[in-house]
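Residue numbers (this note's numbering), protein chains in the order written: chain D, 1 to 248; chain Y, 1001 to 1231; chain V, 2001 to 2231; chain E, 3001 to 3213; chain P, 4001 to 4213; chain A, 5001 to 5068.
Positions of the beta carbon are idealized from the N, C-alpha and C atoms, including for glycine.
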Amino acid sequence: MWQWFHRWGSPKWFYDLSGRWLPWLTGALILFLVVGVVWALLFVPQDYQQSYTTRILVVHVAVASTSLAFFPIMAVAGTITLVWKMKMADMVAKTVAPLGAWFSALTLASGSIWGSVMWGTWWEWSDSRLTSMLFQFFLLISVISLRSALNDSETAAKACAVLSIVGCVNVVIIKYSVEWWNTLHQPASALSMNSGSANGPAFWVPTLVMVIAMYLLMAVHVMMATRNEILRRESRSQWVQDLVLAAK
Amino acid sequence: MQETQLLANGFSAFAATLKRDLLVAFKRRNDLLNPLMFFFIVVSLFPIGITPEREALAEIAVGVLWVCALLASLLSLDNLYRSDFEDGSLELLILSPHSLYFMVLAKILSHWLVSGVPLVLLSPILGYMLALPEEAYPTMIITLILGTPVLSLLGSIGVALTVSLGSRGLILAMIILPMSVPVLIAGTLAVGQAVTGNPVGGHLAIMGAMLAMAVSMAPLASAAALRISIN
Amino acid sequence: MQETQLLANGFSAFAATLKRDLLVAFKRRNDLLNPLMFFFIVVSLFPIGITPEREALAEIAVGVLWVCALLASLLSLDNLYRSDFEDGSLELLILSPHSLYFMVLAKILSHWLVSGVPLVLLSPILGYMLALPEEAYPTMIITLILGTPVLSLLGSIGVALTVSLGSRGLILAMIILPMSVPVLIAGTLAVGQAVTGNPVGGHLAIMGAMLAMAVSMAPLASAAALRISIN
Amino acid sequence: MSHDSTSPAMLSARQLTCERDDRLLFEDLAFDLEEGQVLQVKGSNGSGKTTLLRILCGLNDSYSGAIDWYGRPIAQQRESYYASLLYLGHRVGVNMVLSPLENLRWACNLQAPTSDEQIYQALEKLSLRGFEQSPCHNLSAGQKQRVSLARLLISPARLWVLDEPFTTLDVYGVAALEDLLADHVLSGGSVVVTTHHALSVKTGIQVLNLDRQ
Amino acid sequence: MSHDSTSPAMLSARQLTCERDDRLLFEDLAFDLEEGQVLQVKGSNGSGKTTLLRILCGLNDSYSGAIDWYGRPIAQQRESYYASLLYLGHRVGVNMVLSPLENLRWACNLQAPTSDEQIYQALEKLSLRGFEQSPCHNLSAGQKQRVSLARLLISPARLWVLDEPFTTLDVYGVAALEDLLADHVLSGGSVVVTTHHALSVKTGIQVLNLDRQ
Amino acid sequence: MFERIPFSSFGEFLNMGGYAFNVWTVYLLFVIFLLVNLLGPRRRRKQLMKELERRAVLAERQQPDSSD
Ligand code: HEM
Ligand SMILES: Nc1ncnc2c1ncn2[C@@H]1O[C@H](COP(=O)(O)OP(=O)(O)OP(=O)(O)O)[C@@H](O)[C@H]1O
Ligand SMILES: Nc1ncnc2c1ncn2[C@@H]1O[C@H](COP(=O)(O)OP(=O)(O)OP(=O)(O)O)[C@@H](O)[C@H]1O
Ligand SMILES: [Mg+2]
Ligand SMILES: [Mg+2]
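Written as structure tokens, this is what we have:
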């Protein structure tokens, strides 16, 4: 167990391993993406109420449910950074945050584009998921800007770790409090996301394919970006120099 | 024997820190007056910017009061560790043999006494100016008493994280404001309930729980953040 | 001959100052992003604190937008001269052989480019989120274009006056906010007129006049204030 | 702990290595500081003196190696280590709004309870008489430095870590500080100090040079 | 203008008196600084050296008396006076976010257009090679001081007003600065400087002692 | 599970039952999102390698002088 943990902590080991995995993961990603998108665009049935916009839903749900994974990941990575001072954890945390912001932004965008059809409005404060997703986005941005503001990378790593942990707790609390706030202000049923007939295997199977594709995307992106980060931070170590000279 | 000695010294260090921070605030004067005046000015921007009609104001009163309390607390927090960081006092604090948790707690307590308490005291007047319904006053005051320390405590984490940055203000706001949303929601909800005559016990209990959690966790997080920032 | 030489040097000093301030903002990154995010976050506190209903929001939209623009400008102003004062660059600026008026103008211009312009660009989205009536958009944007530089200019006086004070934030707010009330009133009035379909030319003219006056006077006042603060 | 441990040194470092911004500042540094000794850290600008002092105080943890206080790692005994440590850095640790008296009242109480009498005496010795109650904002650079030096006279700490304590002091100030150092060392305390100034303390001075040869 | 005016001195002061916080710092001070001269302002901590230097630069106006630049009051010819004045104060005037290059690009262009080449050379001479592009936040105290000293090498100013320029410099830095001062004086410039350090410049040093006898 | 493809012509497919704007905007954003997050790291990797190579060459050139 400990050995395993230590190996993960070694940048070189991660670099080699991810180098071997990346082609496979990328292949799987492309496969799932193509299947998911084609299925979504061609085969998803039209809804009596939502017409062809169910095609948006496939993307939306996949991106949205993946975007919820980011704060927990960052919090775990942050804990590892603070407790075991493992550099790899911080590199992952660093690359995950901007990706999470992209996911959140796309969730917000696809959700509100669909909302413009379903609700006749692009934005609706009285829906708890919208509001809490917006604040998740804000918190992610604050983690990113804290990191870019601190110019010492070690300080930045630890500060962002603290902020991610606090933020993770906070995202949960915000989600509950926003829900609670809405149930009291006005019934959310009219706007419930589960309205419509977006259920049944014809819908959820392509959605599942897309969800898997999104997790693969996360894996591929994080691996590639982390490899870059490793090269940058370890640029003076012997193995990186060998690697650079070999690549030339 | 030695243990109790250290504990006694710890108390005297806590007291010295609290006293010093209050003294600084008192000497600066502004620190005492400004959160109040800021609260007052920003609250009075709304009748100017939005509408002077009493019914319309009454509807937004609670929200405006809470948002302004949040902003006032945010602005006054900026200086919680800043000047200590710049003049090197923060290093002394960290190098003291006593638990940083209590030292940080002393600083936060002093901040709350200086900026939170006056705000609570001023709130009835502003509530009146914003035509807040009468039955909401007690709840508003209680929620502010419970909520403003939470704002100070949460804010302290953000300040500790950003204390070494040259450009402050905004990044601080970006960290603190989203974190404070739950307090804002709980506070406005409770007062909203009071206006409509519903029981508010549950909401107050939740705010109390938030306060308890913040008191126990936030100074720890702030202390960790301070150690990181000073590195 | 020597005159033109000095003038040319003056321009190069102006350009160097502008470039430097933009560079600092760009290097910090956050300086570019933060006023925007702050504006966004503060605006979104209001629906949460007040009400999520669109009709109710529509009524307060203009006011909230302007108040938040004011606050965002206020918070980002804090650093206009602060870090220069602390590291001694301000002394260099004052001791330059060129007119302090232009140097100050360069700094204010850079502040506006970094914090005012993005805010104007973001305002339509926030207007939408606050359910601002459609016909108000063009007026809102024009008033913000005219109003945000006035906020930067007026703010600069306040910052220059308080730059030597240890505790910032709030006293700054107390100086700047009351000064900015006329802008706030003119801005919200103009947008309010646009909502009700009335002509807005008069209000815009007033705002233009304010801008002209601020451009000519505020840098002078700021320069004087800086000389006093550095004493 | 690989060093001879008949009686462990007050402060000892082994294999200290520090890298900042991809520049190796020092590598495999080792020293033993006994009671009653002065360690002068030398080096040109940017050689890592301040960094080393902050590392010794636990204010910076971007290093590898071992730092022991009486034979046990400092991280394991923060409280007792800090109870006998006094650090004076580049930044003086003096609040501008408060007076010297108020500043010292706080700074000294952080370590151990202190009476005003002690503070008055310390300020007097550093020729700050008459300035006890005026805000530090109105003091000159050297006077601020003196306020922070007053802590040396009051604190019970046995290890002093001083980062360029002579800056901005006039000749009398320098002499007074040298006397202080000598007294401290004579009474069994020890000092880690950086300065670009020629130290003239009578006791044995151990010199640690950070410049790469 | 009561002094002999066959050819007015570069900088001259008459009857300078300054009181701060009800303490008289100096009274009826007078001096003439000719081209090619060094004026060293001496005095113990808090005697008013910094205050005097800031008064000479027009940064402080809580004084009475006359300060003339080539025979005319400085207040009447700010622009031409500032065009030939360079002041280095206790605070280094270096922005922490910018690199030395960017800092100097601004600071020098404020006085006169400057090319990057000049800046690189100046930084090289002050052994800051390799640090030109790294943010000043990451420099040590002495390195920051060197960045601000680089202005001396670039600026065309003929009067230098330096407030404790030797602080935090190592021995090489001190020697380099002394060379700089000597060169400047030889080429007809003049210097007002405060330091608690023994100045070893070859030219005639005029000493102004602010300590009350 | 596989229903009939509900489009009879390509035009109808593009039209998406009158919601062309909404559907295609989302997919456009989705594609941009994919491109940014997949090609971005690749581009950065290329830049980084170039930079590292440049530095390696520089170091090699300097090595002979400093190693003795
Ligand atoms: C900006 C607007 C929106 C945001 C930020 C948003 C956010 C989210 C999030 C975070 C999820 C993931 C929930 C989970 O996996 O547990 C989700 C799922 C979903 N959203 Fe949205 N959404 C938005 C608009 C909409 C709209 C307008 C609809 C349609 C009425 C909609 C329908 C759904 C459905 C059906 C799901 C999956 C159901 C589930 O897993 O519970 N969303 N959305
Ligand atoms: N801002 C101020 N307001 C009022 N009095 C001040 C202020 N700054 C300094 N003083 C007083 O003026 C006196 C002279 O200060 P100054 O900084 O000029 O001394 P100095 O000779 O430069 O000393 P040092 O060698 O310590 O730098 C000091 O005694 C101080 O008390
Ligand atoms: N915050 C920082 N981040 C990264 N590098 C830094 C930081 N502070 C200092 N350094 C680097 O560490 C090196 C050593 O700095 P340090 O302050 O320890 O030097 P010093 O020996 O105290 O020098 P001086 O005599 O100038 O005070 C410097 O070269 C500097 O570039
Ligand atoms: Mg140092
Ligand atoms: Mg001085």
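Within-8 Å CB hit, residue i to chain D
i                 : result
Thr2017 (chain V) : no
Arg5042 (chain A) : yes
Leu5048 (chain A) : yes
Asp3163 (chain E) : no
Leu5070 (chain A) : Missing from the structure shown is residue 5070 (chain A); chain A here goes from 5001 to 5068 and no further.
Tyr2128 (chain V) : yes
Leu2023 (chain V) : no
Chain E within 8 Å of residue i, Cβ atoms only
i                 : result
Arg236 (chain D)  : yes
Tyr4172 (chain P) : yes
Asn1009 (chain Y) : yes
Counterpart residues of residue i in DSSP-defined beta bridges
i                 : result
Val2067 (chain V) : Beta-bridge pairing links Val2067 (chain V) to no other residue.
Gln4040 (chain P) : P:Val4193 and P:Val4207
Val3161 (chain E) : E:Tyr3087 and E:Val3192
Cys160 (chain D)  : For Cys160 (chain D), which the question treats as bridged, DSSP gives no partner whatsoever.
Proximity test, Cβ basis, 8 Å: residue i and chain V
i                 : result
Trp114 (chain D)  : no
Trp4106 (chain P) : yes
Glu4102 (chain P) : yes
Rounded straight-line distance, which links the Cα of residue j to that of residue i
i                 : j                 : result
Thr4114 (chain P) : Cys4057 (chain P) : 23 Å
Glu1086 (chain Y) : Arg3091 (chain E) : 8 Å
Tyr5082 (chain A) : Phe43 (chain D)   : Lying outside 5001 to 5068, the shown extent of chain A, residue 5082 (chain A) is not represented and no answer is given.
Ala1131 (chain Y) : Thr2162 (chain V) : 34 Å
Leu2113 (chain V) : Asp4028 (chain P) : 50 Å
Ile1142 (chain Y) : Thr2148 (chain V) : 38 Å
Thr2004 (chain V) : Gly2010 (chain V) : 9 Å
Ile4074 (chain P) : Arg1227 (chain Y) : 49 Å
Leu2109 (chain V) : Val2215 (chain V) : 10 Å
Ala1072 (chain Y) : Val1150 (chain Y) : 14 Å
Pro11 (chain D)   : Lys87 (chain D)   : 8 Å
Gly2192 (chain V) : Leu2093 (chain V) : 42 Å
Ala77 (chain D)   : Leu217 (chain D)  : 19 Å
Ala97 (chain D)   : Ile80 (chain D)   : 16 Å
Ala225 (chain D)  : Lys5046 (chain A) : 12 Å
Thr1051 (chain Y) : Ile2060 (chain V) : 8 Å
Any non-hydrogen atom of ligand 7 closer than 7 Å to residue i Cβ
i                 : result
Leu3025 (chain E) : Absence of ligand 7 from the depicted structure is noted, with ligand 1, ligand 2, ligand 3, ligand 4 and ligand 5 being the only ligands included.
Chain P within 8 Å of residue i, Cβ atoms only
i                 : result
Ala2214 (chain V) : no
Below-8 Å beta-carbon distance, residue i vs any chain Y residue
i                 : result
Ile174 (chain D)  : yes
Leu146 (chain D)  : yes
Val3191 (chain E) : no
Val3092 (chain E) : yes
Chain C residues whose Cβ lies nearer than 9 Å to that of residue i
i                 : result
Arg4158 (chain P) : Protein chains in the displayed structure are D, Y, V, E, P and A, and chain C is not among them.
Original post:
Using a Cβ cut-off of 9 Å, which residues of the segment 1041–1059 of chain Y contact any Cβ in chain D, in chain order?
Top reply: none
Original post:
When Cβ atoms are compared, which residues of the segment 1185–1204 of chain Y fall closer than 7 Å to chain V?
Top reply: Ile1185 and Thr1188
Subject >> Contact shell at 7 Å, judged by CB to any heavy atom of ligand 4, ordered along the chain >> reply: E:Lys3049, E:Thr3050, E:His3090, E:Asp3163, E:Glu3164, E:Thr3194, P:Ser4140, P:Ala4141, P:Gly4142 and P:Thr4168
Subject >> Residues from the segment 2090–2120 of chain V in contact with chain P, defined by Cβ distance under 9 Å >> reply: Leu2090, Glu2091, Leu2092, Leu2093, Ile2094, Leu2095, Ser2096, Pro2097, His2098, Ser2099 and Met2103
**OP:** Would you list, in chain order, the members of the segment 122–143 of chain D that have their beta-carbon closer than 8 Å to a beta-carbon of chain Y?
**Re:** Phe135, Phe138, Leu139, Ile141 and Ser142
Subject >> Contact list for the segment 148–161 of chain D against chain Y, Cβ threshold 8 Å >> reply: Ala149, Leu150, Asp152, Glu154, Thr155, Lys158 and Ala159
Original post:
Quick one, which residues of the segment 3052–3074 of chain E are near chain Y if we go by CB-CB under 9 Å, in chain order?
Top reply: Arg3054, Cys3057, Gly3058, Leu3059, Asn3060, Asp3061 and Ser3062
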